[in-house]
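For reference, the structure discussed in these notes is given below.
Protein chains in written order, with my numbering: chain A, 1 to 271; chain B, 1 to 271.
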């Protein structure tokens, strides 16, 4: 039986993960998991893994790496003792030859021995910090997915991986812009400080009301649109690289880890 | 003709790099380069590069990756337009089959097409910040190399890479410990906050007066020994991995990059 977002919002990490793993919750994860680090996911063949890691290293704002599996392993022990990337994400996109070929809520049946899973930090960490500072985050309050745009900012290539940076937008009250900048700057594993603010056309966004991913969000009078580097960026690079197979999370539907979102480094204490 | 440390200390980055590249300066780089990010260097065959990157990702305190070359390329364009890792480090150690096989001030003649160069952040960044805050750093003031110790803290393995964490020690006045912690915590690409302080035996150091690398430094009355994760850690992991060939900087003799040491991310603006 399907579980509702409002119901899960007050649940523990274990309950949230159980619902996701069972496939009874397949929606976005903003605000879920009670303060744990959430991550974008990209799973691809080992043959491309070194170049993809170089791509992430060269583009740390959109692609802050927070965990990498051993080749063939669906576990990332630095992020969670029992975390299984085949089932612990609410919804996956499956790409073949660079094209979206389907989606799923569990990828156990298509797992391959040569796959490597990459977890990339996401903006939820600093969104929670913004909310704690009393700065409203509209898409969380309104249970939608953050608006995301393909910008004209170019990432630094590595092997076949290249492309424009994807950015996410939050409308921030004009008198709190400095504070929002400083708060997000404290979280380098969650995209850090904004990459742009104000006029969207500066970074090639022509219509702020029509995001390329996620849902539109208003920019009321007295607010400024602020753009952060977004973890969907590697999905664009992966599409450009036309890999034979690649599996990602569905935007907004993240991997919730065991690591505290304000941990200095995204590494669980090992036994 | 050899150039002295005291002479180079007031020189520009270009002058410092020219002396290093020409082989006329082959000593340590603490305090040189006027506020640029300095880095540990590890060069190894592509066959081991993915595991090594995973090792760095899982151990971000000792091994904060700040740059990675393309396979076969001695250039790391994100760290410097003309940076050449074959000549721009004052002194190199060359390991064969996991054993130190020699040293050099230039490795152009032994460069191979399958090599990948990794730059790993170093403590100089936060040392400069400590000095700006009026906290003396003894080994810089006294022109010696920071004392480094093999601790009993275990790193998280990846492939053949594993081993104890190497730590560096600075004696901090007791009434400034909190401040030294907070200052270094601001630099995640330079090992971040300390991993231990006080009794050295807590982390397996039996004789603080006999460091495993670098020079001894005093811990006067009223001071506490503070231990930071050290970029020599990957050298230990590399020795343990017994790679056919691996080239590193000589401890303390770092790669000086073009990137400002307080940059949010270690990436030069690309043209």
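Every residue, glycine too, gets a C-beta built ideally from N, C-alpha and C. All of these numbers come straight from a predicted model, not from anything done at the bench.
Along the region 34-64 of chain A, what residues have a CB closer than 8 Å to any CB found in chain B? Those would be 46, 49, 50, 53, 54, 57, 58, 59, 60 and 61, in chain order.
Going along the chain, which residues of its own chain have a beta-carbon closer than 8 Å to the beta-carbon of residue 125/B, five neighbours each way excluded? Cβ within range, chain order: 37, 38, 187, 189, 190, 261 and 262.
For a test of the three-state rule: what should DSSP assign to residue 99/A, helix, strand or coil? Looking at residue 99/A - three-state DSSP - the assignment turns out to be strand.
In the DSSP assignment, what are the bridge partners of residue 56/A? Paired residues: none, contrary to the question.
Cα-Cα separation between residue 257/A and residue 41/A, rounded to whole angstroms: Straight-line Cα distance between these residues: approximately 11 Å.
Chain B contacts from the region 154-171 of chain A (Cβ-Cβ distance under 7 Å): Interface annotation for the region 154-171 of chain A against chain B: 156, criterion Cβ-Cβ distance under 7 Å.
Apply the 10 Å Cβ neighbour rule to residue 69/B and answer buried if 16 or more other Cβ atoms are within range, or exposed otherwise. With 16 or more other Cβ atoms from the protein chains shown falling within 10 Å of its own Cβ, residue 69/B counts as buried.
My guess is that residue 103/B and residue 119/B are in contact by the Cβ rule of under 8 Å, so how many angstroms apart are they, rounded? 19 Å between Cβ atoms; not a contact.
Residues of the region 186-198 of chain B with Cβ closer than 8 Å to any Cβ of chain A, in chain order: Of all residues in the region 186-198 of chain B, 188, 192 and 193 have a Cβ within less than 8 Å of some Cβ in chain A.
When the Cα atoms are used, what is the spatial distance from residue 246/A to residue 237/A? One C-alpha to the other measures close to 11 Å.
Could you check how far apart the C-beta atoms of residue 231/B and residue 60/B are, in whole angstroms? I think they sit under 8 Å. The pair is not a contact, with the Cβ atoms about 12 Å apart (cut-off 8 Å).
Pull up the distance between the alpha-carbon of residue 194/B and that of residue 202/B, whole angstroms please. Going by C-alpha positions, residue 194/B is about 14 Å away from residue 202/B.
Of the choices 147/B, 244/B and 264/B, whose alpha-carbon is the least far from that of residue 112/B? In terms of Cα proximity to residue 112/B, the closest of 147/B, 244/B and 264/B is 244/B.
Among 8/A, 12/A, 23/A and 15/A, the one whose alpha carbon lies nearest that of residue 1/A: Taking only the C-alpha atoms, the option nearest residue 1/A is 23/A.
Within 8 Å of chain B by C-beta, residues of the region 198-209 of chain A in sequence order: When C-beta distances to chain B are compared with 8 Å, every residue of the region 198-209 of chain A stays at or above that value.
Would you mind reading off the limits of the alpha helix (DSSP H) that contains residue 199/B? Neither: residue 199/B is in no alpha helix (DSSP H) and is coded neither H nor E.
Give, in chain order, every residue of the region 112-135 of chain A whose Cβ lies closer than 7 Å to some Cβ of chain B. Those would be none; no residue qualifies.
Check whether the region 65-82 of chain B touches the region 130-138 of chain B, counting contact only when three or more Cβ pairs, one atom from each stretch, lie closer than 8 Å. The region 65-82 of chain B vs the region 130-138 of chain B: no contact.
If we cut at 8 Å on Cβ distances, does residue 78/A have a partner in chain B? Cβ-Cβ to chain B under 8 Å: yes for residue 78/A.
Note down the Cα distance separating residue 33/A from residue 64/A, rounded to an integer number of angstroms. In this structure, the straight-line span from the alpha carbon of residue 33/A to that of residue 64/A is close to 20 Å.
Our contact map puts residue 160/A next to residue 241/A with C-beta atoms below 8 Å; I'd like the distance itself, whole angstroms only. Correct: roughly 4 Å between the Cβ atoms.
Where the beta strand (DSSP E) containing residue 249/B begins and where it ends: Counting along the chain, the beta strand (DSSP E) containing residue 249/B begins and ends at 245-249.
Can you give the Cα-Cα distance for residue 148/A and residue 253/A, rounded to whole angstroms? Going by the C-alpha atoms only, they are around 14 Å apart.
Which residues bound the beta strand (DSSP E) around residue 36/B? According to the DSSP assignment, residue 36/B belongs to the beta strand (DSSP E) that extends over 36-45.
Through-space distance from residue 259/B to residue 127/A, alpha-carbon basis: Residue 127/A and residue 259/B: Cα-Cα distance of roughly 29 Å.
Just verifying my parser: in three-state terms, what is the DSSP assignment at residue 72/A? Residue 72/A sits in coil when the DSSP states are folded into three classes, being neither helix nor strand.
Indicate whether at least one CB of chain B lies closer than 8 Å to the CB of residue 267/A. Taking CB atoms only, residue 267/A has a neighbour in chain B less than 8 Å away.
Taking 8 Å as the CB-CB cut-off, is residue 236/A touching chain B? Put simply, the CB of residue 236/A is far from chain B, with every gap to its CB atoms at 8 Å or more.
Residue 184/A, enclosing beta strand (DSSP E) - first and last residue: Note, residue 184/A: premise wrong, no beta strand (DSSP E); alpha helix (DSSP H) at 177-185.
Proximal residues of chain B, C-beta to C-beta of residue 270/A below 7 Å: Residues of chain B whose Cβ lies closer than 7 Å to the Cβ of residue 270/A are, in chain order, 156.
Measure from the alpha carbon of residue 174/B to the alpha carbon of each residue in 66/B, 184/B, 225/B and 167/B, then state which is nearest. Looking at the Cα atoms, 225/B is the closest of the given residues.
For residue 100/A, does the count of other Cβ atoms within 10 angstroms reach 16, so buried, or fall short, so exposed? Exposed is the call here.
CB-CB under 8 Å to residue 81/A, same chain, minus the five flanking residues each way: which ones, in chain order? When the five nearest sequence neighbours on each side are left out, the beta carbons in the same chain lying within less than 8 Å of the beta carbon of residue 81/A are those of 258 and 268, in order along the chain.
In angstroms with no decimal places, state the Cα-to-Cα distance between residue 209/B and residue 200/B. Using only the alpha carbons, I get a separation of about 11 Å.
Here's the rule: buried if 16 or more other CB atoms are within 10 angstroms of the residue's CB, otherwise exposed. What is residue 106/A? Its Cβ being crowded by 16 or more others within 10 Å, residue 106/A is buried.
Run through the DSSP bridge pairs and tell me what residue 31/A is partnered with. Residue pairing from DSSP leaves residue 31/A without any beta-bridge partner.
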